Amino acid sequence: MTDLDERQVRTSPVGGELLRVEGLGVAFDTSRGQVHAVSDLSLSLQRGKTLGIVGESGSGKSVTSKAIMGLLPRSGVTKVGRIVYDGTDISAYGQNEYRELWGTEMAMVFQDPMTSLNPVMRIGKQLTEGLRTRLGMDKQTAKETAISLLAAVRIPAPERRFKEYPGRLSGGMRQRIVIAMALACGPKLLFADEPTTALDVTVQAQILDLLEDQQRDRFMGMVLVTHDLGVVAGRADDIAVMYAGRIVETAPTRSLFAHVQHPYTEALLRSIPKVDYPSHTRLDAIAGRPPDLANPPQGCPFAPRCRYATEMCHQVRPELTPMPGDPQHLFACHHPVDASAEELTTEVAEKERV
Amino acid sequence: MPELHIAPDPLMSPADPEVAAIESGPSAPTKRKLGVGGWICAGWLILLVVVSIFAPLLKADPVVNDRGRVVEGCGTGKGLPIYDPFDCRDLQAKRAQTSGEGSGKFTHLAGVDSSGRDTFSQTLLGTRTTLLIAFFSILAATVVGGLLGLVSGYFGRKLDIVITGVFDVMVAFPALVLALLIVTFFSPPDDPSGAARRVPGIIIALAIVAVPILGRIARASTLTWAEREFVTAARALGAKPFRIIFRDVLPNVAPAMMSIAMLGVGIVIVTEASLAILGLGVPDDTMSWGRVVAAGGANFRTYPHLVFVPGVAIVITVCALNFLGDALRQKFDVRESAL
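As given, the protein sequences belong to chains A and B, one line each in that order.
At position 323 of the first sequence the residue is numbered 342 (the working numbering), and the sequence of numbers has no breaks.
At position 247 of the second sequence the residue is numbered 249 (the working numbering), and the sequence of numbers has no breaks.
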């Protein structure tokens, strides 16, 4: 096979692996020693698919996406592992090499639209800058493209918004602009780092639907980072649940909800309120806190908060192993729950009333 | 039982936030105005600029003999009482001032100095040099200090350590001593050819003194703005570092820098006067406010009104710059608006 053929295979629009991460580890140097924000993380994303990364604050989900994007701070960080993007190993890439990928190959939607737009630059300028410098468009073409992008993210009166400053827009509108900016140069991989956390609940669903539509239309791979299992349930093809910097359970969405294995996944599920719960149902909050990552526990990191924990859990950290009968469903637990999401949430509703 | 009043949650949006945003924009910015005070200050500064441009034209013509040589610099006495600050030596007025009688042939609004030269005219005609020195030294300091501060704050690491180290060393010197040193270096007082280099020397000296002050402001401001997510967002879209510095960081740092720069212009005017008092002011053929103060200062106990006009001009100008700088910062500072 010649080089040309190979490239054609690599960039073929259908199927194939877009992103593969093997053994990713990220450690920050702090005054208390190294904090292992992410340890031994592996994941894979197919073209045009969505991977949901779920976990609570400090579980390393944002750090994971920033590490893959090459956006970690420049000093005081150790990054190990292998990152393969579109067939190229980018683990050793520096800022200059990453700059070629940013925007055109991979882009990111940030958490807080209030801070991720430049307050003193007109929206049009922020949008067209990438188009002009990265794609070499002339002023007029860039403007037309930007306005059609604004229309694509469903901004009403895009010509008017084009000339305005971000301060005039609401949070939901700003997040649409941020999405438009991320989409501008046609990335193949989009990271959405808790894109709805800073938004009103009423707007959250709209933004997520928008992301989903755009992802489908443009056939992008998407990594959707969230702390809400409910957000990814209907939108992700695969889900990875993170806890204390590690993936504790990962599976195709359907399989994950059908056979919840890890007690942490179970706990996350139980903590989501549901409409069909009778009123005054007490939500099952997870007691305790995640472990201190500066000196992680010897055994299973979730053991101190786990209702099934035994002596073994405190001593030996379980490895990520496939579920019997489903090699794609991996989990790291000595005492898997093995129940469906349905069963678990029904149980909550029956058990506790206030 | 009294009804409980619950304050409306500022984070709660109207029923349909999207629609509300389309109608008016959530924070339809109320245009902050400069206010009367701001306009008065701006007016004073504009007046100064006008004076510095046109003052020489207002001067009464000197009396010349047949060969075109100046025999008396005090003009014909017609028009405004503005005289040549060097050539008009009105000894009659000087005697009148010394003896406490009324002024003689000419009206001198603010008295005459020990050589009979009109203080008011000197102040008026010194405005240009004073403003030029203040403006160009601060301009240079803003450009150099701002650039160093931006680069230092944005790139950090070793570059930051070196630049902040240099700033610290410069600030550690007493400003006036440093300025004296630099002026002496550029135009030694005992070197006759040095006089021509005196004004540029003063500008360079004052600029160097002001660089670390403006540089530190730029660096501190850059540090906070470079942390903001939109800078990371710009990076994640493939923008190059200097593009980010100039397009994303600089416009946000600029209001703070502008405010300090305006304050700096005032400080520089005062420092220029201090240099003049210490004998390292503008050369003899140039007039500046500092020089008028320095000349009048010698007889301050007997004739305090001689330093009054230039002194008041300095005070009003410094206050105006300070006030206006603050007003402009408030007007342009986005941080105080809905962010």
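In this text, a Cβ means the ideal position worked out from N, Cα and C, and glycines have one as well.
These numbers were taken from a predicted model, which means no experiment stands behind them.
Give the list of continuous beta strand (DSSP E) stretches no shorter than 3 residues that lie fully inside the stretch 71 to 104 of chain A.
96 to 104
Measure the CB-CB distance between V173 of chain B and T224 of chain B and report whether it falls below 7 Å.
no
Do we get a CB-CB distance below 7 Å when we pair A263 of chain B with the residues of chain A?
no
Just to confirm my understanding: we take S351 of chain B, look at its own chain, exclude 5 residues before and 5 after, and list those with CB closer than 7 Å. What are they?
This structure leaves residue 351 of chain B out entirely; chain B is present only between 3 and 341.
Provide the residue(s) that pair with T245 of chain A in DSSP beta bridges, ordered along the chain.
A:V73
If we define contact as Cβ-Cβ less than 7 Å, is S135 of chain A a contact residue for chain B?
yes
With a threshold of 7 Å between beta carbons, is F248 of chain B in contact with chain C?
The chain labelled as chain C is not found among the protein chains of the depicted structure, namely A and B.
Reducing DSSP to helix, strand and coil, say where Y283 of chain A ends up.
helix
Proximity test, Cβ basis, 7 Å: L239 of chain B and chain A:
yes
Who are the Cβ neighbours of I206 of chain B in its own chain at under 7 Å, not counting the five residues just before and after it?
I184 and F188
Taking CB distances under 7 Å as the criterion, tell me whether L38 of chain A reaches chain B.
no
Specify whether the stretch 133 to 152 of chain B and the stretch 210 to 228 of chain B touch according to this definition: at least 3 beta carbon pairs, one from each stretch, less than 8 Å apart.
yes
Looking only at its own chain, which residues have a Cβ that is under 8 Å from the Cβ of A23 of chain B, when we skip the five neighbours before and after it?
For A23 of chain B, the pLDDT reaches just 42, beneath the cut-off of 50, and the residue's location in the model is therefore unreliable, although a value from the coordinates is still provided. Answer for A23 of chain B: no residue qualifies.
Extent of the continuous alpha helix (DSSP H) run through R153 of chain A
I142 to L154
In whole angstroms, what is the alpha-carbon distance linking I196 of chain A and V172 of chain A?
8 Å
Quick one: grab the DSSP three-state call for I215 of chain B.
helix
Apart from the five residues just before and just after R141 of chain A, which ones in its own chain have a Cβ nearer than 8 Å to its Cβ?
F181, K182, E183 and Y184
Using the beta-carbon count (16 or more within 10 Å), is N314 of chain A buried or exposed?
exposed
For the alpha helix (DSSP H) containing G44 of chain A, name the first residue and the last one.
G44 of chain A -> not in any alpha helix (DSSP H); beta strand (DSSP E) instead, spanning E36 to T49.
Say whether chain B places a C-beta atom closer than 7 Å to the C-beta of M239 of chain A.
no
At what residues does the beta strand (DSSP E) containing Y184 of chain A begin and finish?
Premise fails: Y184 of chain A is in no beta strand (DSSP E) and is neither H nor E.
Drop a sphere of 10 angstroms on the beta-carbon of T379 of chain A, count the other beta-carbons inside from all chains shown, and report buried for 16 or more, exposed for fewer.
Outside the displayed span of chain A (20 to 373) sits residue 379 of chain A, for which this structure offers no information.
Out of A:A286, A:L287 and A:C204, state which residue places its alpha-carbon closest to the alpha-carbon of A241 of chain B.
A:C204
In this structure, what does DSSP give as the bridge partners for T341 of chain A?
Before going on, a small fix: residue 341 of chain A reads as Pro here, not Thr. Bridge partners of P341 of chain A: A:L349.
Against chain A, with Cβ distances strictly below 7 Å, would E231 of chain B count as a contact?
yes
Verify the CB distance criterion: does P253 of chain B have a CB-CB separation below 7 Å to chain A?
yes
Restricting to Cα atoms, I'd like to know which of A:E148, A:H278 and A:G35 is closest to R245 of chain B.
A:E148
Taking 6 Å as the cut-off, is the beta-carbon of L64 of chain A closer than that to any non-hydrogen atom of the ligand GTP?
The model depicted lacks the ligand GTP and carries no ligand whatsoever.
May I ask which residues mark the beginning and end of the beta strand (DSSP E) holding I305 of chain A?
Careful: I305 of chain A lies outside any beta strand (DSSP E) and carries neither H nor E.
Identify each residue in the stretch 149 to 174 of chain A for which the Cβ-Cβ distance to at least one residue of chain B is less than 8 Å, and report them in chain order.
G149, T152 and R153
Just verifying my parser: in three-state terms, what is the DSSP assignment at R326 of chain A?
coil
Below 8 Å, how does it come out for the stretch 247 to 258 of chain A and the stretch 81 to 88 of chain A: are there three or more Cβ pairs, yes or no?
no
Please decide whether V139 of chain A counts as near chain B, where near means a Cβ-Cβ distance under 7 Å.
yes
Take L275 of chain A and list the residues in its own chain whose beta-carbon comes closer than 6 Å to its own, dropping the five residues that flank it on each side.
I258
L248 of chain A beta carbon less than 7 Å from that of V73 of chain A:
yes
Taking only the alpha-carbon atoms, compute the straight-line gap between R331 of chain B and L37 of chain A and give it to the nearest angstrom.
48 Å
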